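For reference, the structure is listed below as structure tokens.
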Amino acid sequence: GNSVTQMEGPVTLSEEAFLTINCTYTATGYPSLFWYVQYPGEGLQLLLKATKADDKGSNKGFEATYRKETTSFHLEKGSVQVSDSAVYFCALGYNFNKFYFGSGTKLNVKP
Amino acid sequence: NAGVTQTPKFRILKIGQSMTLQCTQDMNHNYMYWYRQDPGMGLKLIYYSVGAGITDKGEVPNGYNVSRSTTEDFPLRLELAAPSQTSVYFCASSPTTGASYEQYFGPGTRLTVT
């Protein structure tokens, strides 16, 4: 079946540290991959996406590369800020009704 | 541009009560979805709709009903509330065109059933 596995949190980092949140997936076909971010008390917001193998999505200093050979879409940021504290969800989708979310990884950034 | 709006933001229900969660989008998206998010978990699809008058079940539809009379609105109905329905509910929409099927989310409704 289709599924998304994310590293468990919470992840606690100091400001300006390097961030990696691992995401691997199982899917048939050729899904698009997404990272969503959920700030406290809010809905999910699309952070970045990649629609085919080797594509790199990027936004607000965050990056993720669609790796078909390792079925991964790891989220990275070179220097995190306190304002990046949130829950991050990896997701895959390859049809309007076939969208699968990981369980989320909470990131805490300390000043 | 308001995007996806949901009402109410919070609600407490007693067991056996009924309520409707409202969802409206102003992006002219054909596809709309209802998800629930339980603590520490990802989102699970309850129902979805591909257009006005067309709805279908997702992964966890039991205890819920939906209707889609217009492109903009997609209400979710809980008929006999149970404690297991305590959750945060998110409505989402996505455009018909484009290869990525990215979804746009509302702010959520936090529901407690006691």
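Respectively, the protein sequence lines represent chains R and F. Sequence positions in the first sequence follow the numbering used here and run 203 to 313. Sequence positions in the second sequence follow the numbering used here and run 502 to 615. Ideal placement from N, C-alpha and C gives every residue a C-beta, glycine not left out. On a predicted model such as this, the values are computed, not experimentally measured, just so you know.
Give the C-beta separation of residue i and residue j to the nearest angstrom, bearing in mind that I take them to be a contact with Cβ-Cβ under 8 Å.
{"i": "L544/F", "j": "Q538/F", "result": "5 Å"}
{"i": "M533/F", "j": "Q526/F", "result": "7 Å"}
{"i": "K279/R", "j": "G263/R", "result": "5 Å"}
{"i": "T226/R", "j": "N204/R", "result": "With 8 Å as the limit, T226/R and N204/R do not qualify as a contact, their Cβ atoms being about 12 Å apart."}
{"i": "V213/R", "j": "G304/R", "result": "At roughly 14 Å, the Cβ-Cβ gap does not stay under 8 Å, so V213/R and G304/R are not in contact."}
{"i": "V567/F", "j": "L577/F", "result": "6 Å"}
{"i": "L235/R", "j": "F275/R", "result": "4 Å"}
{"i": "T610/F", "j": "Y590/F", "result": "5 Å"}
{"i": "G564/F", "j": "G245/R", "result": "Going by Cβ atoms, the distance from G564/F to G245/R rounds to 22 Å, so no, they are not a contact pair."}
{"i": "T597/F", "j": "I513/F", "result": "The pair is not a contact, with the Cβ atoms about 37 Å apart (cut-off 8 Å)."}
Please name the residue, chosen from the options, that lies closest to residue i on a Cα-to-Cα basis.
{"i": "A553/F", "options": "G559/F, Y536/F, P562/F and S594/F", "result": "S594/F"}
{"i": "P540/F", "options": "N310/R, G306/R and P313/R", "result": "G306/R"}
{"i": "L579/F", "options": "G517/F, A503/F and T506/F", "result": "G517/F"}
{"i": "T253/R", "options": "N224/R, R269/R, I223/R and N310/R", "result": "R269/R"}
{"i": "S570/F", "options": "G564/F, P562/F, V551/F and P584/F", "result": "V551/F"}
{"i": "M528/F", "options": "G607/F, M542/F, G504/F and Y536/F", "result": "G504/F"}
{"i": "E218/R", "options": "S281/R, N261/R and T272/R", "result": "S281/R"}
{"i": "D256/R", "options": "F220/R, T222/R, T273/R and L246/R", "result": "T273/R"}
{"i": "P233/R", "options": "P313/R, A293/R and L248/R", "result": "A293/R"}
{"i": "Y548/F", "options": "K308/R, L309/R, A266/R and F301/R", "result": "F301/R"}
Kindly indicate which three-state DSSP category residue i falls into: helix, strand or coil?
{"i": "Q526/F", "result": "strand"}
{"i": "S585/F", "result": "helix"}
{"i": "S285/R", "result": "helix"}
{"i": "N297/R", "result": "strand"}
{"i": "D539/F", "result": "coil"}
{"i": "Q247/R", "result": "strand"}
{"i": "G259/R", "result": "strand"}
{"i": "T230/R", "result": "coil"}
{"i": "F291/R", "result": "strand"}
According to DSSP, which residues form a beta bridge with residue i?
{"i": "D557/F", "result": "Y549/F"}
{"i": "R569/F", "result": "Note: R569/F sits in no beta bridge, so no partner."}
{"i": "N310/R", "result": "T214/R"}
| said: Count Cβ pairs between the stretch 286-300 of chain R and the stretch 227-247 of chain R that sit closer than 8 Å; are there 3 or more? | reply: yes
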